[in-house]
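Colleague:
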Amino acid sequence: MNPNINPTAQAVDNVLIYIFGFSLLLLLGITVATIYLVIKYRRSKYPEPTSEVHGSFWLETLWTVLPTLIVLTMFWYGWTNYLGLRNVPEGAMEVKATARMWSWQFEYPDGRKTSKLFVPVGQPVKVTMTSVDVLHNFFIPAFRIKRDTVPGMETYVWFQATEPGSYDIFCAEYCGTGHSAMITSVEALPPEEYATWAQPQPPSAEPRGLIVLQEQGCTGCHSLDGSDGIGPSLYQLSGQQRKLLVAGQSKELSIDEDYLRRAIREPEAEIVSGYDPIMPAYDSDTLSEEDLQAVIDYLLGKATVPAAPKPDASVLLQENGCLGCHSQDGSEMVGPTFKGLGSREVVIERDGKEERIKVDRDYLLRALKQPKVDLVKGYPPIMPAADYLSTEELDAIVEHLLKQ
Amino acid sequence: MSESTTYTGFWQESPRPGILGWLLSTDHKRIGIMYLACIVTMFIVGACLGLALRLELIAPGRTIMDAQTYNATFTVHGIIMIFLFIIPSVPAAFGNLVLPIQIGARDVSFPKINLLSWYCYVSGAILAVFAIFSGGGAPDTGWTFYVPFSTQTTTNVNLAGLAAFMLGFSSILTGINFVTTIHRLRAEGMTWGRLPLFVWTLYATAWIQVLATPMIGITLVLVILERTFGAGLFDAARGGDPILFQHLFWIYSHPAVYIMILPGMGVISEVIPTFARKPLFGYWAMALSSLAIAFAGSLVWAHHMYTSGMSDFAILVFSFLTFIVAIPSAIKIFNWVSTLYKGSIQLAPPMLYALSFIFNFAIGGLGGLALGAAAADIHLHDTTFVVGHFHYTMFGGLGFAFFAALHYWLPKFTGRMYQHKPAVIAWAIVFVGFNITYMAMQAVGIQGMPRRYYDYVPEFTTLNQVATFGSWILAAGLLMMFVNLWLGCRAGDPVGKNPWGAATLEWEVPSPPPLENFGEEDPVVTRGPYEFKGVVADEY
Chain A
155 MNPNINPTAQ AVDNVLIYIF GFSLLLLLGI TVATIYLVIK YRRSKYPEPT
205 SEVHGSFWLE TLWTVLPTLI VLTMFWYGWT NYLGLRNVPE GAMEVKATAR
255 MWSWQFEYPD GRKTSKLFVP VGQPVKVTMT SVDVLHNFFI PAFRIKRDTV
305 PGMETYVWFQ ATEPGSYDIF CAEYCGTGHS AMITSVEALP PEEYATWAQP
355 QPPSAEPRGL IVLQEQGCTG CHSLDGSDGI GPSLYQLSGQ QRKLLVAGQS
405 KELSIDEDYL RRAIREPEAE IVSGYDPIMP AYDSDTLSEE DLQAVIDYLL
455 GKATVPAAPK PDASVLLQEN GCLGCHSQDG SEMVGPTFKG LGSREVVIER
505 DGKEERIKVD RDYLLRALKQ PKVDLVKGYP PIMPAADYLS TEELDAIVEH
555 LLKQ
Chain B
153 MSESTTYTGF WQESPRPGIL GWLLSTDHKR IGIMYLACIV TMFIVGACLG
203 LALRLELIAP GRTIMDAQTY NATFTVHGII MIFLFIIPSV PAAFGNLVLP
253 IQIGARDVSF PKINLLSWYC YVSGAILAVF AIFSGGGAPD TGWTFYVPFS
303 TQTTTNVNLA GLAAFMLGFS SILTGINFVT TIHRLRAEGM TWGRLPLFVW
353 TLYATAWIQV LATPMIGITL VLVILERTFG AGLFDAARGG DPILFQHLFW
403 IYSHPAVYIM ILPGMGVISE VIPTFARKPL FGYWAMALSS LAIAFAGSLV
453 WAHHMYTSGM SDFAILVFSF LTFIVAIPSA IKIFNWVSTL YKGSIQLAPP
503 MLYALSFIFN FAIGGLGGLA LGAAAADIHL HDTTFVVGHF HYTMFGGLGF
553 AFFAALHYWL PKFTGRMYQH KPAVIAWAIV FVGFNITYMA MQAVGIQGMP
603 RRYYDYVPEF TTLNQVATFG SWILAAGLLM MFVNLWLGCR AGDPVGKNPW
653 GAATLEWEVP SPPPLENFGE EDPVVTRGPY EFKGVVADEY
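Taken in order, these protein sequences are the chains called A and B. Here the first sequence stands for residues 155 to 558, where the numbers follow my numbering. Here the second sequence stands for residues 153 to 692, where the numbers follow my numbering.
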């Protein structure tokens, strides 16, 4: 088998092409026949019908039997290819996925957890999934796989990435306000890069509390930088005043350890005013007492481990899929190359006007955060805004790029 | 109504004067007109919500509303269109208007229950409106009310569930009435083999209404119990099963799509013979395929659930049954097209809608084959392809059949003819706009855009813009069609008994028909519904 043909995508596409092909022929036949008959037997030419036929047993039989045979081939072809989506090949890497409103958490065999799914190219991956709140659905259009995640139940999918790259994972089962924002990706790395990635990480590079916040998907709704989201931001919480609704009564308090503990364990008891009471409760099965303490310490600025070291820009470029469109060696891809960026002048279009500018820090920050404002001439305006990166991360990337 | 000399049939004749003559009327035609007024109003409201959804999707990110409003809008759009427009559209409005006359009856079997069913409909509609504007706000679950989301959301799901419950009762009562009427009140000589196809399809529909609708009522009550008392039936943490809800929901809601489409097929089976002046090809095949659809359609519900986590064996069985139900639909299409052969075809407005029904329904049906095949459905399920697909069957199918019925029967019941030229132009605009909108939606779904998405990745922008653009064309066409029909009903030229030269019984009574449809003597039927020899169209 050609290793570049994606096995699951191929199985589904075969069936789609077979059925759509037949359908197109049938539709064409029906439409052409109708138009032909309508023109040929128009009333201006035939004021009265030239036949009084009521039907034909043989024709009825023919167009009962023939479609039956056709659709049964469709049924069987669809079923056998479906089995290909269900039978996981030997040697598949096993990943556990947990869906919640509105984020994903992937857990690898070695216990590592991420919010994007990192896989090696060429190896089958089996994702065993569940949900902690409502129904969600794990959908990767590029691999044509889709399966609901159901609370209290395990479901699975398998796929195999055949090309390195970043592939969207959508939630395809409606799950509320953040449904369409519940997007993450499969990051398919070449095997050697994956091996590097999968090496055990040096412990406590980041405060434990922050890691837990990310692993548990908290940051899907609560920003860390003060921007408003589905839930209140977690930026500088210590000592902040909060207006709460408790059993319909308004109440104000200043944020402390006790409050944070209650807000995580029993979020429905006290609702921050202005926000929907949708946060799921994190019981001690989901979030251990130590992890809870780490989160609280982190949120109150009492992190017990050193602050994160400076982010590594080359890793960031990799992880965020920048290199999918921008080369580092001067070769031409979807977007301009990074090579020689620090000493380059570019022609940009702003509001339809062209302008030649020198690449500098300000420009690069703008290009990252609002890529649609200044468009580099000759390239399609498709770059997504990198506004989910932190200020430190953006700074690291800009510094790195200017040195290219 | 200033020309008091003009004949106005049931519009004037009533045991009670004024508005009470309508609100307390048991005349099937008055009840039909009251249904029609409500249903068209609901359609317009639902269409405006649909336009708002399309406008929001013209670009990624926020355009005119926030995510919560968007979710509530598509939920309300779905509830209105399905429970308040599609399900009652043809059966309750045109079924009431036409069915008794077509079988030579003076009214339905239970005229008072008929009126009661209209009141159930209206109370359901009022509850639905209350659900939008009171309590925790408009429901945001989608019309499918999937648990556990529907048991957790703070929006007004209970009231919306009660609304659907009431509407279900309206549907059941209408179904019982029609089954009984068709069995008991056929005129002398109106044998089963002489029933117009419209009656056959209403008969098949009525059975599904009676047998399947209680399921949705019970299911929604269970959701309300779950929300209010924490019954735990669908809660995995307490031994319940969320997927059980999906089975219960679709055991009604899949047969319901045949409640929706079958009467539309009936309309098309009336219109095509009339404007081809030829008997319907394969009368018995058409009648029996309607019953076959009603029966087989009740056994395919879980094809909505291939990705739900149910067993692969269930997928095997339901995929097989789904392909079986495709066959009677194919038979119908072949028979309609064959009816045209050697006919005398007139492209009047009802015929244009009927022919485009065949085209749209074929696309919807063929798309359904891809969704029925297990492997293909895995990619297409819960994408906008599905949204496009069911709009092709429900709007392109039933919607177009409803418009065909409006253009075909309104002159009969108002006694006035609309202008044909604007009707044809409006049809062309509706047809083009419809196909642009939903073809683009299907295409972006094949690309992988999930449905019920408020926001989307940039790759999906172009096709979404095409769909939104199409929705404006569609809306312009619908506006033109409704204005033209309204002007026609108010001030069109008076028509005689039989403006189209049709052969069924309703065209032998005056337009509009009198209070009890037929004069002193009950009609006696001596020929089939599509024998056009000697039937002459009146000039108008």
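Think of the CB as a built atom: it goes at the ideal place given N, C-alpha and C, for glycine as much as any other residue.
Where does K397/A sit, in a helix, a strand or coil, going by DSSP?
Modeller: If DSSP states are grouped into helix, strand and coil, K397/A belongs with the strands.
Colleague: Verify the CB distance criterion: does V304/A have a CB-CB separation below 8 Å to chain B?
Modeller: So, interface residue.
Colleague: Since W312/A is in the beta strand (DSSP E), which residue starts that stretch and which ends it?
Modeller: Residues 309 to 314.
Colleague: Tell me which same chain residues have a C-beta within less than 7 Å of the C-beta of Y410/B, skipping the five on either side of it?
Modeller: Excluding positions up to five away in sequence, the list reads I360, I445, A446, G449.
Colleague: Going by DSSP, what residue range makes up the beta strand (DSSP E) through H290/A?
Modeller: Here the beta strand (DSSP E) through H290/A covers 290 to 294.
Colleague: How about R362/A: is its C-beta nearer than 8 Å to some C-beta of chain B?
Modeller: Not one chain B Cβ lies under 8 Å of R362/A.
Colleague: Express the C-alpha separation of C375/A and L473/B in angstroms, rounding to a whole number.
Modeller: Distance between the alpha carbons of L473/B and C375/A: 43 Å.
Colleague: For I425/A and D412/A, I'd like the C-alpha separation in whole angstroms.
Modeller: Answer to the nearest angstrom: the Cα atoms are 15 Å apart.
Colleague: If you run the structure through DSSP and keep just helix, strand and coil, what is I432/A?
Modeller: Coil.
Colleague: Can you give me the start and stop residues for the alpha helix (DSSP H) that G230/B sits inside?
Modeller: Note, G230/B: alpha helix (DSSP H), 219 to 231.
Colleague: Listing by chain order, which chain B residues have their CB less than 7 Å from the CB of T331/A?
Modeller: What T331/A touches in chain B: A219, Q220, N223.
Colleague: Along the chain, which unbroken stretches of the alpha helix (DSSP H) at least 4 residues long are found entirely within the region 168 to 247 of chain A?
Modeller: With a minimum length of 4 residues, the continuous alpha helix (DSSP H) runs that stay inside the region 168 to 247 of chain A are 211 to 240.
Colleague: Out of curiosity, what's the CA-to-CA distance linking G287/B and A219/B?
Modeller: Taking the straight line from one Cα to the other gives about 19 Å.
Colleague: Please return the same chain residues whose Cβ sits closer than 6 Å to the Cβ of L399/A, not counting the five positions on each side in sequence.
Modeller: Hits under 6 Å: I425, S427.
Colleague: For the region 280 to 300 of chain A, list every residue whose C-beta sits within 8 Å of some C-beta in chain B, in sequence order.
Modeller: Flagged, chain order: D287, V288, L289, N291, F293, P295, A296, R298, I299, K300.
Colleague: Just to confirm, is the Cβ distance from A557/B to S471/B under 8 Å?
Modeller: No, the pair does not count as a contact, with Cβ atoms beyond the cut-off.
Colleague: What does W359/B pair with, by DSSP beta-bridge criteria?
Modeller: Answer by DSSP bridge pairing: none, since W359/B is not bridged.
Colleague: Anything in the region 180 to 214 of chain A with a Cβ closer than 8 Å to a Cβ of chain B? List those residues in chain order, please.
Modeller: Of all residues in the region 180 to 214 of chain A, L180, L181, I184, T185, A187, T188, L191, V192, Y195, R196, R197, Y200, P201, E202, P203, T204, S205, E206, V207, H208, G209, S210, L213, E214 have a Cβ within less than 8 Å of some Cβ in chain B.
Colleague: As a quick exercise: from G330/A, W233/A, E444/A, S177/A, pick the residue whose alpha carbon is nearest that of W256/A.
Modeller: Looking at the Cα atoms, G330/A is the closest of the given residues.
Colleague: I'd like the list of long-range same chain contacts for F162/B, defined as Cβ closer than 7 Å, with 5 residues on each side in sequence excluded.
Modeller: Closer than 7 Å at the Cβ level, and outside the excluded window around F162/B, lie D179, K181, R182, P664, P665, P666, L667.
Colleague: Rounding to the nearest angstrom, what Cα-Cα distance links S377/A and T193/B in this structure?
Modeller: Taking the straight line joining both Cα atoms gives about 44 Å.
Colleague: CB H541/B to CB Q594/B, shorter than 8 Å?
Modeller: Taking 8 Å as the Cβ cut-off, H541/B and Q594/B qualify as a contacting pair.
Colleague: Restricting to Cα atoms, I'd like to know which of L657/B, N636/B, A689/B, I376/B is closest to M647/B.
Modeller: According to the sequence provided, residue 647/B is Val. The question's Met does not apply to it. Minimum Cα distance to V647/B is reached at A689/B.
Colleague: I need the boundaries of the alpha helix (DSSP H) containing G524/B, first residue and last residue.
Modeller: From DSSP, the alpha helix (DSSP H) with G524/B extends over 501 to 524.
Colleague: Once DSSP output is grouped into helix, strand and coil, what is the label at V538/B?
Modeller: The answer is helix: DSSP assigns V538/B an H, G or I state.
Colleague: Would DSSP call Q558/A helix, strand or coil?
Modeller: Three-state result, Q558/A: coil.
Colleague: Please list the partners that D410/A has in chain B, where partner means a Cβ-to-Cβ separation under 7 Å.
Modeller: Near D410/A there are no residues of chain B at all, since even the closest Cβ is about 28 Å away, more than 7 Å.
Colleague: Could you tell me the alpha carbon to alpha carbon distance between S463/B and M457/B, rounded to whole angstroms?
Modeller: Going from the Cα of S463/B to the Cα of M457/B covers about 10 Å.
Colleague: Pull out every residue of the region 449 to 468 of chain B whose Cβ sits closer than 9 Å to any Cβ of chain A, in chain order.
Modeller: Cβ contacts with chain A come from M457, Y458, T459, S460, G461, D464, I467, L468.
Colleague: If the cut is a Cβ gap below 8 Å, which residues of chain B does R240/A touch?
Modeller: Those are D464, listed as they occur along chain B.
Colleague: By how many angstroms is the C-alpha of L507/B removed from the C-alpha of P243/B?
Modeller: In a straight line, the C-alpha of P243/B is about 21 Å away from that of L507/B.
Colleague: Could you name the residues of the same chain whose beta carbon sits closer than 7 Å to that of G549/B, not counting the 5 residues immediately before and after it, in chain order?
Modeller: Here the set comprises I413, G416, F509, N512, F513, G516.
Colleague: Just to check my reading of the structure: A428/B and P203/A have Cβ atoms closer than 8 Å, yes? What is that Cβ distance to the nearest angstrom?
Modeller: About 7 Å separates the two Cβ atoms, so the contact holds.
Colleague: Near Y452/A, which residues of its chain fall below 6 Å by C-beta distance, leaving aside the five closest residues on each side in sequence?
Modeller: Correct list, in chain order: P361, G363, L364.
Colleague: Please report how far the alpha carbon of T188/A lies from the alpha carbon of L492/B, in whole angstroms.
Modeller: The alpha-carbon atoms of T188/A and L492/B are separated by roughly 8 Å.
Colleague: P538/A CB to nearest chain B CB: under 8 Å?
Modeller: P538/A counts as touching chain B.
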